Amino acid sequence: MPTDDEAVTLRPATPDDAAAVAEIWYHGWRDGHLGHVGDDLLAARTPETFDVRAAQRVDDTVVATVGGTVAGFVMVVDDEVEQVYVSARHRGTAIARVLIAEAERLAAANGHQYAWLAVVAGNARARRFYERSGWTDEGPFDYTAASATGPISVPAHHYRKRVRFT
Ligand SMILES: CC(C)(COP(=O)(O)OP(=O)(O)OC[C@H]1O[C@@H](n2cnc3c(N)ncnc32)[C@H](O)[C@@H]1OP(=O)(O)O)[C@@H](O)C(=O)NCCC(=O)NCCS
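Quick look at the structure:
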């Protein structure tokens with residue numbers, strides 16, 4: 640079991656990381672979403688779609704590594720923290736807080752005072768983590784998730800955090 644003492648390294652993803660990102664993303668997505676989203680989104684999120692999206696989104700991805708292995712990642716676009724994922728074996732360690740801090744830094748560097756993210760109501764672990772990290776639940780809204788068959792409306796909660804004070 641990894642511990643908080645193991646060094647976490649952040650770096651921009653490269654195309655060579657796409658397979659590891661897809662693996663963490665696929666399993667993490669299921670952990671956070673099964674039973675909490677509609678059948679339309681579940682049907683759209685096949686294993687192959689994570690391979691495709693991880694490869695397409697390399698430029699938006701920062702990975703956290705432990706001992707040279709990818710243990711988690713974030714994707715930030717403009718002021719939106721689109722994805723925060725930690726592999727199952729590295730949850731409950733320092734990695735998630737290192738990643739969310741990096742995501743907040745990136746949103747601030749993109750010129751924004753506030754960052755936002757969407758999380759489905761039933762993803763209790765993620766919501767607890769965001770709240771512990773200083774994010775505020777601003778209530779329910781409909782998030783538009785992209786898919787190969789077109790946009791899918793997903794009931795979610797809108798979280799926000801101030802990331803820049805100047
Ligand atoms: C969300 C995620 C990045 C958080 O990282 P993590 O390492 O698991 O976070 P932590 O363990 O530090 O914190 C999670 C909090 O939820 C609590 N928790 C753990 N399991 C829980 C559960 N089943 N229900 C509710 N809370 C839970 C933990 O005790 C902790 O709260 P605490 O600080 O009050 O003790 C990680 O769980 C993950 O990758 N999940 C799958 C992917 C996902 O859902 N991503 C977010 C999409 S919006």
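Using the working numbering, the first residue of the sequence shown is number 640, and each one after it goes up by one. Just so you know, even glycine gets a beta-carbon here, dropped at the ideal spot from N, CA and C. Here the structure is a predicted model, which is why all the values come from computation and not from measurement.
Euclidean distance between Cα positions of residue i and residue j
i: Ala710; j: Thr783; result: 27 Å
i: Asp717; j: Ala757; result: 14 Å
i: Gly674; j: Val647; result: 32 Å
i: Asp655; j: Ile734; result: 21 Å
i: Ala659; j: Gly778; result: 33 Å
i: Val713; j: Asp698; result: 11 Å
i: Ser772; j: Tyr798; result: 11 Å
i: Gln752; j: Glu719; result: 12 Å
i: Gly750; j: Val701; result: 18 Å
i: Ala760; j: Arg728; result: 24 Å
i: Ala795; j: Thr704; result: 29 Å
i: Val676; j: Val737; result: 28 Å
i: Arg690; j: Arg696; result: It is Asp, not Arg, that sits at residue 690 in the sequence shown. The straight-line gap from Cα to Cα measures roughly 10 Å.
i: Thr688; j: Thr775; result: 30 Å
i: Ser726; j: Trp664; result: 8 Å
i: His672; j: Gly789; result: 19 Å
i: Ala683; j: Val723; result: 20 Å
Coil, strand or helix - residue i by DSSP
i: Phe804; result: coil
i: Asp806; result: Lying outside 640 to 805, the shown extent of the chain, residue 806 is not represented and no answer is given.
i: Ala710; result: strand
i: Ala652; result: coil
i: Ala703; result: strand
i: Glu645; result: coil
i: Thr685; result: coil
Check: residue i C-beta below 7 Å from any heavy atom of ligand 1
i: Arg728; result: no
i: Gly677; result: no
i: Asp699; result: no
i: Phe768; result: yes
i: Asp670; result: yes
i: Thr732; result: yes
i: Val735; result: Note that residue 735 is Ala in the sequence shown here, rather than Val. Yes, the beta carbon of Ala735 sits closer than 7 Å to at least one heavy atom of ligand 1.
i: Tyr724; result: yes
i: Arg771; result: yes
Residues sharing a beta bridge with residue i, DSSP
i: Ala784; result: Ile791
i: Leu756; result: Tyr798
i: Gln722; result: Met714
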